[in-house]
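Here the structure comes first, spelled out in structure tokens, and everything after it is commentary.
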Amino acid sequence: MNMQNPREVYGKTLVEMGRENRNIVVCEADLSKSTMSCYFQDTFPERYFEMGIAEQDMTSFAAGLSLTGKIPFVNSFAVFASGRNYDQIRQGICIAKLNVKIIGSSSGLSDFGDGSTHQSVEDMAIMRAIPNMTVLESADGIETRKMIRAIAEYNGPVYVRINRDDMPDLFPEGKKFEIGRPYVIQDGKDVVIYAAGIMVSKALKASEILNKEGISVRIVNVSSLKPVKEDELKKQAQGMKGIITAEEHTLIGGLASVITYTLRGTGVPIETIGINDSFGQSANSYDELLEYYGLTEDNIVNAVRKMF
Amino acid sequence: MNMTIEQLEKKAKKIRFNIIRMIGIGKKGHLGGSCSIADIITALYFYKMKHDPRNPKWEKRDRFLLSKGHAALAQYAVLAEFGYFAEEELDKVKELDGMLQGHPDLTRTPGIEANTGSLGQGLSIACGITAGLRIDGNVTSKVYCVVGDGELAEGQIWEAAMAAAFYKLDNLVSILDKNGIQATGPIVERFDTNPLPDKWKAFGWYVMQIDGHNMKDIVQALDETDELKGQPTIIIARTVKGKGVSFAEHKAAFHNEMLDEAQYEQACRELQSKEIKKI
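The listed protein sequences derive, respectively, from chains A and B.
Going by this note's numbering, the letters in the first sequence line up with residues 2 to 309, in that order.
Going by this note's numbering, the letters in the second sequence line up with residues 43 to 321, in that order.
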């Protein structure tokens, strides 16, 4: 399976867009070699703003840039890009629906060594709660590129969560990415798994195991947490014996909230996989953390088995 | 606009009257901080700034940002004078679904450049606008940002101060409304933000100090900023909270307070407006 690093893809996509559109500008808070905004810095220094380790100023500064018709991409780790500058996003950007793109890099537990201060378990919930905000998470390199290009075309505030780790390709190369669409990555007839980010590939692995047990799994990549086409989510759950949600995020306010709310009243049993109201911590590897917090293919398999 | 100092002073009085008119009787409003910037905002709009009320989004305009967004009444008062919107809107300030919100909202009010009110953010937005204009090769549009002295306690102000100096944003002019009083009382007794000139100099800004109620001083200082290159400028303007309304001057109580009928009438008398409307 082909692996790509979504941060690498992101950094190169920025440069690609920068060539096509002079209005693309980039703001950074001293993490350019992690967020990979450094490629844009090398190519278009006059449209690149290193704002120092000052995320609040960076975010309001980007609001100002957008008021002159620029399309600013604001970069930091997800935990800082959604937390340190929350008020600047809410007040200066979202109320006026300004065209600012906030890119939360090294999302979830993917910055495994740095521990709870650098791991974002609640960024999607925070961003989703803000009116006018669009909230996205990419599941692989292919989707990252399409997503970043799509949000540049959309006029309004967007928060995107990007993983630090390499991810296996799974998004169809020929398919267009549309904000708001939940994508069926694999069809099946017994159980539907709504997954986001790294959990989409875990769901694919789980489905291989379940297939051998005679359970057919439909996998939906919910890369748009907000807005999301609720009618499509409902359709995707029709005739299913069980519903699973899987996210690398607290169960409060993220994908589990979206799905349980949208599919309320359908009577189909729902199991939710995610982080159970706790912070992350340091570990020697990303996989170690995913296992500790119950975010593996085995966790998905067990959740499905419970339904039969 | 070619107005004499005397005409500008008269206009500032009208602006103060508009502020009082918006506050009216029995409604809360930020009287103190709006009146303290009345002369500054009058000089900016009626003397200094290039702007076009018929085309509020004119690309070559100068920009005005009110980082201390609670003084929105002063900006509304000016915008109405220029016809950015019908004068009657002033009587509907803060009404449900209204055009004039408690704090500036660019989505609702023509002539407003940014949503401010959460303190400490306007200067950063002004920096971003200045940098954006520079990318466009627009070196003639200036960006003016009024900041409050209470607001200087916000750390983001100093982040913006560093960024403006680092990026040599010389088309950015900040005017500090140094009225000395925040919502609960004198700033020096609460969280002293002094010494201001030294701080701004150390942060890389060109610093001027003026009497923020002396129209000649204000106009001269604004003109002087045109000559300054290579660094941003801050005009530290000594002002009086509630200036022009005797019983409200120097009083924290009128930061955001209502007027009774007698106070309202007295304020109108003091502002010697011939257009006083009974409400």
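C-beta: ideal position from N, C-alpha, C; glycine also.
Since this is a predicted model, take the numbers as computed values, not measurements.
Beta-bridge partners assigned by DSSP to residue 224 of chain B: B/227. For residue 202 of chain B, the enclosing alpha helix (DSSP H) starts and ends at 197 to 208. A distance below 6 Å between beta-carbons, with the five flanking residues on each side excluded, links residue 61 of chain A to the following residues of its chain, in chain order: 89, 93.
Within 7 Å of the CB of residue 69 of chain A, the CB atoms of chain B belong to 171, 174, 175, 178, in sequence order along the chain. Close partners of residue 93 of chain A in chain B (Cβ separation under 9 Å): 156, 157, 158, 160, 163, 164, 166, 167. Of all residues in the stretch 35 to 47 of chain A, only 47 place a beta-carbon less than 8 Å from a beta-carbon of chain B.
In the DSSP annotation of this structure, the continuous segment of the beta strand (DSSP E) that includes residue 28 of chain A starts and ends at 25 to 29. Apart from sequence neighbours up to five positions away, the residues of its chain that approach residue 91 of chain B with a beta-carbon distance below 6 Å are 104, ordered along the chain. Within the stretch 179 to 199 of chain B, 198 place their CB atoms closer than 7 Å to a CB of chain A, listed in sequence order.
Listed by position along chain A, the residues whose Cβ is nearer than 8 Å to that of residue 147 of chain B are 96, 97.
Residue 147 of chain B sits close to residue 96 of chain A, with the two beta carbons spaced by under 8 Å. Membership of residue 150 of chain A in any beta strand (DSSP E) is not indicated; the residue belongs instead to the alpha helix (DSSP H) covering 142 to 154. For the pair residue 153 of chain A and residue 216 of chain A, the CB atoms are not nearer than the 8 Å cut-off. Within the model, the alpha-carbon separation for residue 196 of chain A versus residue 209 of chain B is close to 43 Å. In the DSSP annotation of this structure, residue 151 of chain B is not part of any beta strand (DSSP E), being labelled neither H nor E. Counting the other Cβ atoms within 10 Å of the Cβ of residue 81 of chain A gives 16 or more, which makes it buried. Scanning chain B for C-beta atoms nearer than 8 Å to the C-beta of residue 65 of chain A yields 156, 166, 167, 168, 169, 170, 171, 172, 173, 174, reported in chain order.
Residue range 218 to 222 is occupied by the beta strand (DSSP E) that includes residue 219 of chain A, with no alpha helix (DSSP H) assigned at that position. Using a Cβ distance threshold of 8 Å, residue 307 of chain A and residue 272 of chain A count as a contacting pair. Unbroken alpha helix (DSSP H) stretches of 4 residues or longer found wholly inside the stretch 61 to 141 of chain A: 79 to 84, 124 to 129, given in chain order.
Between residue 249 of chain B and residue 79 of chain B, the C-beta gap is not smaller than 8 Å, which leaves the two residues out of contact. Contact of residue 50 of chain A with chain B is assigned, a C-beta pair being separated by under 8 Å. For residue 253 of chain B, the three-state secondary structure derived from DSSP is strand. Between residue 275 of chain A and residue 254 of chain A, the C-beta spacing is not below 8 Å. Closest in alpha carbon position to residue 244 of chain A, among A/270, A/230, A/11, is A/270.
Taking residue 251 of chain A as reference, the option from A/224, A/236, A/295 with the minimal CA-CA separation is A/295.
Here the stretch 221 to 228 of chain A makes no contact with the stretch 105 to 112 of chain A; the two share fewer than three CB pairs at distances below 8 Å. In chain order, 198, 201 make up the part of chain B whose C-beta sits under 7 Å from the C-beta of residue 57 of chain A. Taking C-alpha positions only, residue 117 of chain A is separated from residue 288 of chain A by approximately 16 Å. Just measuring C-alpha positions, the residue of A/18, A/120, A/98, A/78 sitting nearest residue 282 of chain A is A/120. Within a 10 Å sphere around the beta-carbon of residue 220 of chain A sit 16 or more other beta-carbons, which makes this residue buried. When secondary structure is reduced to three states using DSSP, residue 184 of chain A falls in the strand class.
Going by DSSP, residue 40 of chain A is part of the alpha helix (DSSP H) stretching over 39 to 44. In this structure, the straight-line span from the alpha carbon of residue 185 of chain B to that of residue 301 of chain A is close to 55 Å. DSSP places residue 243 of chain A in the strand class (E or B) of the three-state scheme. Following the DSSP letters along the chain, one finds residue 46 of chain B in no alpha helix (DSSP H), marked with neither H nor E.
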